[in-house]
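Numbering (our numbering), first residue to last: 67 to 400.
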């Protein structure tokens, strides 16, 4: 050991010879500064790593509450699945049981239809509401009898029976028909398109006479309506002329066409109606020509006497104090 230490002591030291001592000292100071900064950064990173390992939470980690809620949700889902499976199993069992019962019934019906009698375990005969054996025989007998009857009948007899059935259906009372499409042409196009009976001549003549009378009635009603419309127009013209006369406007005159229509309608009415009806119509027209007396309206009550007083005052007034004639003309224009 002493020899090893002596060798280390005896080793020569390395020296750096330089002329610029200041630059060497600056380099040494920079080296020490950077070493200290590296040591400080290493310590800080070590402290940060330790603190983050202690305080940082894992993103994938879950809490106890979340774990408990997730477990409850999975339990409820599993319970619901078990319930659905149980219901499906019960439905399938019920379907199979019903199918078995139907198959057993089909076998029993088949045996009974062939005449086999069913008995219980104690030997008693099973009683049913329907005797299937006799029922099947009755059905077969009825079908065979109808087939034989149809086979025995000839073509003429079958045709005759079909005709009798058709006549019976015709004789039966028909259903109530609220709308007959064949009458639509008569409504739209008039009497020329009304269907007439073809077999019975008397019914045809009565129908034609009825149509003629209806046509005459239609013409009379049409002329009456036309006269009524013309009378209404004449009355309206009379009222308008009264107003125009009061306002100083020229009166309306009836056109030549209207006068001609009135004359022709009057001739038609006189020729078509009897003299008694003409007298009644003349009385009605006279009553219509009389001017109607309108009652006093509620908002005009009390004004009539006031207007009379104004007119009396105007009559007593001297002409010197009367307003000029232009005043009345402007008032009429308004």
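By construction, the Cβ of each residue, glycine as well, lies at the ideal position given by its N, Cα and C atoms.
Nothing here was measured: the structure is a model prediction, and the numbers come from that model.
Rounded Cβ spacing between residue i and residue j (contact assumed at less than 8 Å)
i           : j           : result
residue 174 : residue 184 : 7 Å
residue 261 : residue 269 : About 12 Å separates the two Cβ atoms, so there is no contact after all.
Residue i CB to nearest heavy atom of the ligand ADP below 8 Å
i           : result
residue 374 : Ligands in the displayed structure: none, and consequently the ligand ADP is not present.
For residue i, the first and last residue of its enclosing alpha helix (DSSP H)
i           : result
residue 168 : 130 to 179
residue 305 : 267 to 313
Close beta carbons around residue i, own chain, < 8 Å, minus the five adjacent residues each side
i           : result
residue 303 : 318, 320
residue 310 : 316, 317, 318
residue 93  : none
residue 107 : none
residue 341 : Per-residue confidence for residue 341 stands at a pLDDT of 48, beneath the threshold of 50, marking its modelled position as unreliable; the derived number appears in the next sentence. Once the five neighbours on either side are set aside, residue 341 has no close Cβ partner at all.
residue 274 : 262
residue 119 : Reliability of the predicted coordinates at residue 119 is poor, the pLDDT of 49 falling under 50, and the value obtained from them is presented with this limitation in mind. Here the set comprises nothing.
Cβ neighbours of residue i in the same chain (closer than 7 Å, five flanking residues each side left out)
i           : result
residue 307 : 317, 318
residue 366 : none
residue 339 : Only weak support is given to the placement of residue 339: the predicted model assigns it a pLDDT of 49, under 50, and the value that follows is read from those uncertain coordinates. Excluding residues within five positions, none has a Cβ falling inside 7 Å.
residue 145 : none
residue 267 : none
residue 285 : none
residue 122 : Any reading at residue 122 is ruled out, since the residue's pLDDT is 49, under 50, leaving its predicted position unreliable.
residue 32  : With the chain covering only 67 through 400, there is no way to say anything about residue 32.
Contact set for residue i: own chain, Cβ-Cβ below 6 Å, skip 5 residues either direction
i           : result
residue 396 : none
residue 147 : none
residue 282 : none
residue 394 : none
residue 171 : none
Residue i at chain C interface by Cβ criterion, 9 Å
i           : result
residue 150 : Protein chain content of the structure displayed is limited to a single chain, and chain C is not contained in it.
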